[in-house]
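Reading through the structure tokens given below for one structure.
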Amino acid sequence: MSNTVHDRFFSIQELVDNVTDQLDPEDVACLARTNRRLNQQCTPTLYRSIDVVFSRGNGGKKNLFQSISSLQTLARNIRHVRRLKFRVSELAYYYNCVLTLEEMNSLSSESGSTLSSTAAAPARQAWLPPLDIRTCQFIAMPRMTCLTHLTVYPVTSETPYAVLSVNDPQATLARVCWMISFNPGLTHLLVNGLFIVDIPTERLLGNALARLDKLEKLQLWLFCPDHRLQPGPRLLFKCRPSIKSITFYIDEVDVLPSAGSGDDHEEDERGGDLMATTPTPEPLVNLEELIVKASEEWASTPNIHSIFAHCPNLKKLKTPYIRRPRVSDAIGQYVGETCPKIESLIYDARQLEQYDSVPFRIMDTLPAQQVTHLEYKGFFLNIIDPGPDVAFQRHSTTLRSIRISNNSPLFWIKMSTILKDCVNLESLFILGQNRQGHYINLDDAIEHPWGCTRLTSLTLSISSCELPIDQNLPPYYFRQTPIRLTEAETLHFAQLEMLYLQIGKLIEVKHLNLSMVRHNLVDNDFHLVSDPTLWFPAMLSLGNTWTGRPGYLRHLSGLSKLETLCGSFRADSEEAMSTVDYPEVVWIDQHWPDLELVDLFAGEEDVTAPFKWFLDKREREGRRGDLALGRYQYDY
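Take 70 as the starting number for the sequence shown in this note's numbering and just add one per residue.
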């Protein structure tokens, strides 16, 4: 590049900014060392986005706070910072550095000079903690006033620049509000680990949020020692209409961390000038995503009406259950009518310990063929409610993902409507394992031809797949050839073949997790238990017409995109050891070329000779293969 072209290019700061935005910090640093002019132009871009996280050892991230020279350089370029990630410890240290500068400026102004080119900062508000006792060196630094992204994480380890008040929850909340107060241009705010101990601290945070006219994304993880506070709704009402996404995680705690050196103030003093700027609540017309993880107090009936009337354009909703199940239908209808644009619905009713119709009533009230994602965490026990079937049919062409889970004892649910009508479904999750979750019955699975042939991920638990037991006969795979099946076995294999044919038509599936559940015969109980040693009868066997041994592996030849297979496929079970050999493994290698993970063995030492051949062949061809996956957990 000629000097003329070089000069013309780098004389346009916008072009320089665009180029440096596309480069890694290491490349920008190299460019800045080229000459003095590029150093002046490029160095500030290194400070646009900084992640200050302390870590020990040479393998850890470099930390701007670990040396005096880096802190001084940061102070000179602090006006360029736009994206900042802090931990509470770094925030506390930075706060003291700013107070140090302002204290020095205050003392200097009395003698007629200032140490900073910026105007003298206003007096410290009453709700702010004082300067900490100097347990480490504080480097005078100005305020960051141009942030667009701010992330604050909780303390996780000690740092060489720790201050005494770092463990004071009220001081931490005050510092967060302090950072927010002089960064009105924030568009993204994520704060993890704030303690809301009383109404004044909640009001302080709420009024800080009320100043952010440009905020688009808010994520708060709050801890509340008093469950009666219910800060979520009031903080939501403090947000400005610019907000597009709100996430609240509200946990109740019994013990409050010990306070540090922060001041204790009377209730009417805490908040200072922030408390005088509370705007009139306006509807959050741009809010499209509301995610809440909280106790049931969040979703009391009065809150529901006020919250959703305030958020008319929601598209994604994740909420805990409604407190009053007797009015579930009415509340579900109200939410659906008030927020008619909901497309993604996640509803957590696990703590309710009974069936909750709210999410299905919401779906039934929304415009037809609109919902694309449903996740229901709760019960389906002893219900005669047609609501789920009606809801699934109402959105059968738009649903892309359905996930139904629970951490309660295994319960049967009827889901033939999903398998038959949801023709564009891409992900289905109905899992029962470790005595928990949901399952469908084999009869339901084969009741209708499956319409959901576009599935790419299927997790399904099915009952009644095990063969009927005849006490007078050994298992079919141990009988003398030619094998003669009983009438009951012949009928059951016919049903299983229908299931395998349905699965074989899922030509887009990449992740397949099929598990069997069966009656617990040991304690003669009627509840169901999942058994990791179960094996879908003859599913992964090619069969043998000469010996009469059934096998249906060829029905699965359409699964050419399969990458993961797990569930009730233990190759060290009696049936698998007798029916799966080299021909089956060669078939799998040829017809499932993308297969990477198969949960067949508890450990590598259990892998049989045919599958060792499979692994060696994949390794020689440079393809990935792993069959000993007892150590993996699947959640597709």
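Glycine residues also receive a C-beta, built at the ideal position from the N, C-alpha and C atoms. Here the structure is a predicted model, which is why all the values come from computation and not from measurement.
Inspect the beta-carbon positions of Ile482 and Phe461 and report whether they are closer than 7 Å. no
Taking only runs of the beta strand (DSSP E) that begin and end inside the region 545–593, which ones reach a length of at least 3 residues, in chain order? Those beta strand (DSSP E) runs which fall completely within the region 545–593 and span 3+ residues are 580–588.
Pro198 and Ser234: beta carbons closer than 7 Å? yes
Per DSSP, Gly612 forms a beta bridge with which residues? Its beta-bridge partners do not exist; DSSP assigns none.
Could you tell me whether the region 639–657 touches the region 687–694, using the rule of 3 or more Cβ pairs below 8 Å? no
First and last residue of the uninterrupted alpha helix (DSSP H) at Tyr651: Taken as a continuous stretch (DSSP letters only), the alpha helix (DSSP H) holding Tyr651 covers Tyr651 to His660.
Spell out the partners DSSP gives Asn261 in its beta bridges. Trp290
Presumed contact (8 Å Cβ cut-off) between Asp201 and Val221, rounded CB distance: About 18 Å; that fails the 8 Å criterion.
Under 7 Å, do Thr712 and Gln438 count as touching if we go by C-beta distance? With the chain covering only 70 through 705, there is no way to say anything about residue 712.
Rounded C-alpha distance that separates Lys283 from Lys686: 57 Å
Environment of Thr217 [buried if 16+ CB atoms lie within 10 Å]: buried
Distance check for Ser426 and Gly573, CA to CA, integer angstroms please. 34 Å
Rounded to whole angstroms, how far is the Cβ of Leu500 from the Cβ of Ser533, which I believe are closer than 8 Å? That pair is no contact at about 17 Å.
At 3 residues or longer, and completely inside the region 507–532: list those beta strand (DSSP E) runs for me, N to C. 526–532
For Tyr651, count neighbouring C-beta atoms within 10 Å of its own C-beta (all shown protein chains included) and say buried if the count is 16 or more, exposed if not. exposed
Where do the N-terminal and C-terminal ends of the alpha helix (DSSP H) with Glu688 fall, by residue? Ala678 to Arg689
Helix or strand or just coil, what does DSSP make of Asn127? Low per-residue confidence applies at Asn127: pLDDT is 46, beneath 50, and the placement is therefore not dependable enough to give any value.
Three or more beta-carbon pairs under 8 Å between the region 273–281 and the region 202–209, yes or no? no
What separation, rounded to the nearest whole angstrom, lies between the Cα atoms of Ala563 and Leu435? Taking the straight line joining both Cα atoms gives about 41 Å.
Leaving out the 5 sequence neighbours to the left and right, which residues in its chain are closer than 8 Å to Ala243 when beta-carbon positions are compared? Within the same chain, and ignoring the five residues on either side of Ala243 in sequence, the residues whose Cβ sits closer than 8 Å to its Cβ are Trp196, Leu197, Pro198, Leu273 and Gly331.
Same chain, Cβ closer than 8 Å to Ile208, five either side skipped, listed in chain order: Ile137, Leu140, Gln141, Ala144, Cys166 and Thr169
Coarse secondary structure for Arg272, derived from DSSP in three states: helix
Within its chain, find whatever has a CB closer than 6 Å to the CB of Ser314; leave out the 5 residues flanking it on each side and keep chain order. Result list for Ser314: Lys286 and Glu358, in chain order.
First through last residue of the alpha helix (DSSP H) which encompasses Lys630: No alpha helix (DSSP H) contains Lys630, which DSSP labels as neither H nor E.
When you compare the CB positions of Arg469 and Glu495, do they come within less than 7 Å of one another, or not? yes
With a threshold of 16 other CB atoms inside 10 Å of the CB of Asp433, please say whether the residue is buried or exposed. buried
Quick check: the Cα distance between Pro518 and Leu527, rounded to an integer number of angstroms? The straight-line gap from Cα to Cα measures roughly 16 Å.
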